[in-house]
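J.:
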Amino acid sequence: MSYDRAAAWYLLCEWTENVNLRKHALAVEAAMRAHARRLGQDQEAWGIVGLLHDFDYEKNPTVESHVWVGAKHLREQGWPEAWVRAIEGHASYTGVPRDTEMARCLFAVDELSGFITACTLVRPEKAVANVPVESVLKRMKEPAFAKKVNREEIRQGAEEIGMPLEQHIVLVRDAMAGIADVLELPPKG
Ligand SMILES: [Fe+2]
Ligand SMILES: [Fe+2]
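For reference, each letter of the sequence shown is one residue, going 1002 to 1190 in the numbering used here.
Structure below.
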């Protein structure tokens, strides 16, 4: 088999019916591509890691199964080991160290992309491109807003990649805005 974007998308869709989970994968893919661009790395590879990071989640949503089942399957299929390790590293409970930029960026964009989606959906025009960084930062301080998103992980993620949080928010927001149609969000307000 070939380990390309088409194969990754096929695998994701085979395991994941939930549209919002697919959109999460696509948002993380876009953000990973943006980081690859920033760092002069392989955008396709980084995008695939984003696309696949939660592919097992729908069927394995617990800490005992999520990532473990997926990583095993990816290894059996022969996906590159560095990609599998980056995917394992996005869940801190695996204990797999984020020892590559790819792994650190994946962790950094995962929670943040979900949080930006939440910030987008409460705006009247629901356009991701228009979400001000200040409003994302403000919402992060409201514990009742998007409660399930771990703020500490968002901060830690930016720190691990050595980017000021504001800049990182802009990068992820703009990457998501670039695929707003796919995410079914209006491109502009
Ligand atoms: Fe995950
Ligand atoms: Fe995720």
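All residues carry an ideal CB built from backbone N, CA and C; glycine is no exception.
1) I think Cys1106 touches His1025, with their Cβ atoms under 8 Å apart; what is that distance to the nearest whole Å?
2) Can you confirm whether the segment 1049-1069 touches the segment 1116-1129 when touching is taken to mean that 3 or more C-beta pairs between the two stretches lie within less than 8 Å?
3) Give me the pocket residues for ligand 2, defined as CB within less than 5 Å of any heavy atom, sorted by chain position.
4) Excluding five sequence neighbours on each side, which residues of the same chain lie with their C-beta closer than 7 Å to the C-beta of Phe1108?
5) Could you tell me the alpha carbon to alpha carbon distance between Val1134 and Gly1096, rounded to whole angstroms?
6) Regarding Ala1092 and ligand 4, is the C-beta to nearest heavy atom distance less than 7 Å?
7) Compare the Cα-Cα distances from Val1132 to each of Glu1112, Asn1151, His1067, Arg1174 and report the closest residue.
8) Return the first residue and the last residue of the alpha helix (DSSP H) that Ser1066 is part of.
9) When you compare only the Cα positions, how much space is there between Ile1180 and Met1103?
10) Which residue wins for smallest C-alpha separation from His1074, given the options Glu1015, Glu1045, Val1029?
T.: On the basis of the supplied data:
1) By one-based count along the sequence shown, residue 1106 stands at place 105. By one-based count along the sequence shown, residue 1025 stands at place 24. A Cβ-Cβ separation of about 16 Å leaves Cys1106 out of contact with His1025 under the 8 Å criterion.
2) Taking a cut-off of 8 Å for Cβ pairs, the segment 1116-1129 and the segment 1049-1069 do not touch, as fewer than three such pairs fall below it.
3) Taking every residue with its beta carbon within less than 5 Å of a heavy atom belonging to ligand 2 gives, in chain order, Asp1055, Asp1111.
4) Numbered from its first residue, the sequence shown carries residue 1108 at position 107. The residues are Gly1090, His1091, Arg1099, Gly1158, Glu1161.
5) As a working note, residue 1134 is residue 133 in the sequence shown. As a working note, residue 1096 is residue 95 in the sequence shown. Computed Cα separation, rounded: 31 Å.
6) Although ligand 4 was asked about, the structure shown includes only ligand 1 and ligand 2 as ligands.
7) On the sequence shown, residue 1132 is found 131 positions in, with the first residue counted as 1. It is Arg1174.
8) Here the question's residue 1066 lines up with position 65 in the sequence shown. Element bounds for Ser1066: n/a, residue is neither H nor E.
9) Along the sequence shown, read from residue 1 onward, the residue named residue 1180 stands at position 179. Along the sequence shown, read from residue 1 onward, the residue named residue 1103 stands at position 102. Whole-angstrom Cα-Cα distance: 21 Å.
10) The residue labelled residue 1074 in the question sits at position 73 within the sequence shown. Residue Glu1015 is the option with its Cα nearest to His1074.
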